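These notes are about the structure you will find just below.
Numbering (our numbering), first residue to last: 110 to 628.
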C-alpha cells in the first residue's frame, strides 16, 4: 500500500500541518505502508527534518507569488495557483498511483483535489477551517467546535466519511505512552511549560517569560521550548539566564515528557492543544492566528482550557494577572485536567491508520479490561449510537461511570474485556452473572462498525467465558437494533421473547448445545 502526503511548513504557515501528517505517516509505516511527502520549498520548510527521519520527499519549486502582507488569505499563502500546484504534484507522483493521497493545506480545495482524482486511489483531507469545498473520501477535522457534525454540511459529499473531533487528534505515540504512567494532577502548580509553536512571530514566548519573572511567579520552575523557525532565540536565552529555574529547549521529536512533568502550560492553539489535553495539562491558551480563535473559544466555553485571549489583545499585565490567579486555583485546574483527558486519549493516529488500512478480522484479539480502560469504556458508553440502542438512553456522568467501572472491575460476577486490533482498542464486551446465566453487553467503536465484527467480538467473548466455566448466555436487545439481533441469531442464540421494547436471546451451555456454528 502507498500513501502520499501533500503538506507544507514555512515561517508563515508554521509547522503544525506537516508535523501532524508526519505523525500519521510514521504510524502508517509501522503497518508496512510506503509513504512519500510532496512539499514546496518555502522559507522555513522542514524538508531536511523529513530526510533525517528517512522519509522520502519530493520538493516542489519555490513559490512564484511573492506576498508579504499579514493577511490570512490562504490562497496567497500557497504561492502558486491551485492548478499549477496540482500539475506539479501530479508530476511528483511519477505515475505511482498511490492508494491514498492525504492533503493538509489551507490553500488547497476541491479545485485541486478534483484535478488529482484520476492519479490516486482515494483522497483524504485534513482541515479545520470548514470554509471551502472538498472533493474527498475522508475528511479529518480534529478540532473541538460548537458546530460538530454540521460544520461541513454542503462542503463535502454525502459519501465522504467525516472524522471529527479531538478523539482523532494526530499525536506522537509518546503521548499515549506517557499517559499510562501519568501522575494524578491535583491542580498545584510548581512547574510551567511555555511553547508557542514553530515560529512564534509575535514573540509571545518572551512576553510569557517576562510575566513569569514577576515577584509572585519567580519561584516557579519554567521549561521553554523554542521552535525550529523562532527568530527570537538569542533574546529568549538571555531572558532565561536572567530568570533562575528556567530551562531552554530546542526542536524535539515530541513534548510528552515535558508536558507530563509540568503543572501548567502557556501556549498557542493548534496541534499542541490536543497534546496538552491528552496528558491533562491545564493551559493558558493564547490564539496567535485568526483560525485558532473558534476552537479556543469553544474549548474555553466547555471549561477545557483557560483562554487568555487573542495575541493582539495580550498585554504583560493582563497575562501576569491571569497566571497569578491560576496558580491559586488548584480545584479548577484539577477539574480541567480530568475533563481534558476524557476528551483526548492519544489514540487518534491509530484510529486514522485503521480507517485508511482496515485490519482483517483474524487480527482481532480480546484482553481483560484494566483500570486504565476507564476512559475508553466511558466514551464508548456515551457514544450517541450506543446510548440510542441502550435500554437506558440517558448520557452517563463521569462520576457515575467511575463508581460503576470500579465496582464492575472488582466484582467476581462480572467479566470485562476489550477488543483490540494492531494495538488499537475497538470495542468492549461485558458478562454479568445472573444465577446460572451471564448477561452480555457489547459495543464496537464507530470506526469499525459495518465490518461484521460484532459476531467476532461476541464469539471471542463467549469462548473466553467458557474457559472460565461452562454457562448459559442471555442477551437483551432493544427493539429496532437489528444489527445486534443479527449477531446473536448468527451465533446460534434462540429468540425466546419479544416483550414490548426488548428482545431476549438465549444460548444454552456448551455441553447442552449441538451443531452450533460460530461466525
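For glycine and all other residues, C-beta sits at the position ideal for the given N, C-alpha and C. All figures in this text were calculated on a predicted structure; none of them were measured in a lab.
Contact set for residue i: own chain, Cβ-Cβ below 6 Å, skip 5 residues either direction
i, result
"residue 585", "611, 613"
"residue 358", "334"
"residue 389", "294, 446, 449, 450"
"residue 143", "111"
"residue 627", "Low confidence applies here, because residue 627 scores a pLDDT of 45, under 50, leaving its location unreliable and the question unanswered by this model."
"residue 464", "556"
"residue 127", "116, 118, 155"
"residue 498", "587, 590"
"residue 130", "114, 116, 213"
Coil, strand or helix - residue i by DSSP
i, result
"residue 627", "With a pLDDT of 45 at residue 627, under the threshold of 50, the modelled position of that residue is not reliable, and no figure is offered here."
"residue 538", "strand"
"residue 506", "coil"
"residue 143", "strand"
"residue 265", "coil"
"residue 583", "strand"
"residue 334", "strand"
"residue 308", "coil"
"residue 313", "helix"
"residue 290", "coil"
"residue 386", "helix"
"residue 213", "strand"
Nearest candidate by alpha-carbon position, reference residue i, set the options
i, options, result
"residue 418", "436, 398, 454, 543", "398"
"residue 122", "578, 598, 309", "309"
"residue 114", "206, 377, 174, 192", "206"
"residue 133", "361, 515, 249", "249"
"residue 196", "573, 226, 304", "226"
"residue 281", "435, 362, 499, 423", "362"
"residue 153", "234, 307, 259, 487", "307"
"residue 519", "125, 298, 479", "479"
"residue 137", "124, 291, 467", "467"
"residue 456", "387, 174, 375", "387"
"residue 615", "583, 160, 336", "583"
"residue 435", "471, 350, 482, 329", "329"
"residue 211", "200, 184, 231", "231"
"residue 267", "275, 247, 516, 286", "247"
"residue 292", "368, 255, 125, 265", "368"
Sequence-distant residues of its chain with Cβ nearer than 7 Å to residue i (five each side left out)
i, result
"residue 433", "325, 326"
"residue 596", "563, 564, 567"
"residue 625", "Bear in mind that the predicted position of residue 625 carries a pLDDT of just 49, short of 50, making it too unreliable to give a figure here."
"residue 470", "562, 565"
"residue 299", "329, 330, 372"
Under 9 Å between C-beta atoms of residue i and residue j
i, j, result
"residue 158", "residue 172", "no"
"residue 540", "residue 477", "no"
"residue 341", "residue 381", "no"
"residue 441", "residue 416", "no"
"residue 491", "residue 505", "yes"
"residue 354", "residue 378", "no"
"residue 462", "residue 371", "no"
"residue 251", "residue 221", "no"
"residue 404", "residue 253", "yes"
"residue 312", "residue 120", "no"
"residue 336", "residue 360", "yes"
"residue 164", "residue 202", "no"
"residue 413", "residue 533", "no"
"residue 529", "residue 473", "yes"
"residue 351", "residue 322", "yes"
"residue 215", "residue 238", "yes"
"residue 538", "residue 570", "yes"
"residue 145", "residue 166", "yes"
Cβ distance (whole Å) where residue i is taken to contact residue j below 8 Å
i, j, result
"residue 431", "residue 393", "6 Å"
"residue 284", "residue 365", "5 Å"
"residue 149", "residue 117", "5 Å"
"residue 453", "residue 383", "5 Å"
"residue 425", "residue 320", "6 Å"
"residue 289", "residue 481", "6 Å"
Closer than 8 Å: residue i CB and nearest the ligand HEM heavy atom
i, result
"residue 156", "The ligand HEM is absent from the structure shown, which contains no ligands of any kind."
Close-in-space but distant-in-sequence residues of the same chain around residue i (CB under 8 Å, 5 per side omitted)
i, result
"residue 493", "none"
"residue 218", "191, 241, 242, 243"
Residue-chain proximity (residue i, chain C), Cβ-Cβ < 9 Å
i, result
"residue 266", "This model lacks chain C altogether; it includes just one protein chain."
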